[in-house]
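Beneath this line is the structure, given in C-alpha cells, with notes to follow.
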Amino acid sequence: QILHGPNPDKYVFSDHIELLLQFFTVLFRSADSVNQDNTIVTTLKELYASRGIFKDDPHTWINASWPNLLDLHNYWVELLKDKPRDVTLNALVNKTAMCEDQWDFLCKNTTIDFSKDFLVFDLSGCPPSIQNSMNVFVTGLLGQLYSKSDKATILAIDEASVFLEDEKLAEFILRILRMGRSAGLTG
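This note's numbering applies: residue 302 is where the sequence shown begins, and numbers increase by one.
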C-alpha cells in the first residue's frame, strides 16, 4: 500500500513504484534490467487499475484493496498463459514462486499503526532468501512515510552492519539518509 501524508501528490505513487523496484532488484540479486523493470511497473499499474487504484487519483488509494506479492505473482502466472515464451515473465514467475510457501507472510495485509510514536520492526525471523530485500522495503517505506511528515524522525537501525555487508543495501541506506536530512530525518 502507499503511505502518505494529508496531501499526497503524484510523486508519492512514483516513489512507491520506485521502492518496489528496489525491493525486486535486491530480491532477485540482479543488476537492473530494463525489460524486467518495465514489466514490473506495467503489470503493477494494470493490477492496481483492476482494483480501482490509479496514480492520478489519490482518493483511490484510501481503503483500497491493495494487491500483495502473491496477487502479483498470480497475475504474472495468468499473463504467462497467453505469452508462454515471454522470458521476462517466466523469470518473474520463477523468482517469486516462494511467495506461495516460504514467503507467505508477504501475502497478508499489514496491521501496523504508523501513527504511533515508536515502531519496532524485527526482521530477524525473515527467511534468509528475502531478508535483504525486506530490509530495503521496510527502511524505504519508513523513509517515504516520514519524509512527508512534519514531525522530526529518528531512524534507528539495530544491527546496521547487516546493511553495510551488502553493496545494494548500503547504497540504499545512504540514499535514504541523504534524502531524509532535508525532511528532518536523522539516522
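Backbone N, C-alpha and C define an ideal beta-carbon position, used for all residues, glycine too.
**OP:** Note down, in chain order, each residue of its chain lying with its Cβ closer than 8 Å to the Cβ of G401, except the 5 sequence neighbours on either side.
**Re:** For clarity, residue 401 is Glu in the given sequence; the question names Gly instead. Around E401: L371 and H374.
Subject >> D316 (DSSP reduced to helix, strand or coil) >> reply: Helix at D316.
**OP:** Determine the direct distance from the alpha carbon of D418 to that of K396, and round the result to whole angstroms.
**Re:** Each residue's Cα considered, the two are about 36 Å apart.
**OP:** Check the C-beta distance from V394 over to L381 and give it rounded, since I have them as a contact under 8 Å.
**Re:** With 8 Å as the limit, V394 and L381 qualify as a contact, their Cβ atoms being about 6 Å apart.
Original post:
When DSSP labels each residue in this structure, what does D358 get in the three-state scheme?
Top reply: Strand.
Original post:
Between V378 and the rest of its own chain, which residues show a CB-CB distance below 6 Å, the 5 nearest in sequence each way excluded?
Top reply: Scanning its chain for C-beta atoms nearer than 6 Å, with the 5 sequence neighbours on each side dropped, one finds around V378 the residues V394, in chain order.
**OP:** Can you give me the Cβ contacts of N336 inside the same chain, cut-off strictly under 6 Å, excluding the 5 residues immediately before and after it?
**Re:** The residues are T389.
**OP:** May I ask you to report which of helix, strand or coil DSSP gives I431?
**Re:** Helix at I431.
Subject >> Which of helix, strand or coil DSSP assigns to F419 >> reply: Of the three classes helix, strand and coil, the one that applies to F419 here is coil, per DSSP.
Original post:
When you compare each of V342, V421, V313 and I413 to T523 by their alpha carbons, which one comes out closest?
Top reply: Any question about residue 523 goes unanswered here, given that the chain covers just 302 to 488.
Original post:
So what does DSSP say about R330, is it helix, strand or coil?
Top reply: Correct three-state label for R330: coil.
**OP:** Report the option in S366, N433 and C427 whose CA atom is closest to the CA atom of W243.
**Re:** Past the boundaries of the shown model lies residue 243; the chain is included only from 302 to 488, so the question cannot be answered.
Original post:
At a cut of 8 Å, does the region 461 to 476 reach the region 349 to 365 through at least three beta carbon pairs?
Top reply: Touching, no.
Original post:
From V437 to G444, what does the alpha carbon distance come to, in whole angstroms?
Top reply: For V437 and G444, the gap between their C-alpha atoms comes out near 10 Å.
**OP:** Please classify N436: does DSSP put it in a helix, a strand, or coil?
**Re:** Note: N436 maps to helix in three-state DSSP.
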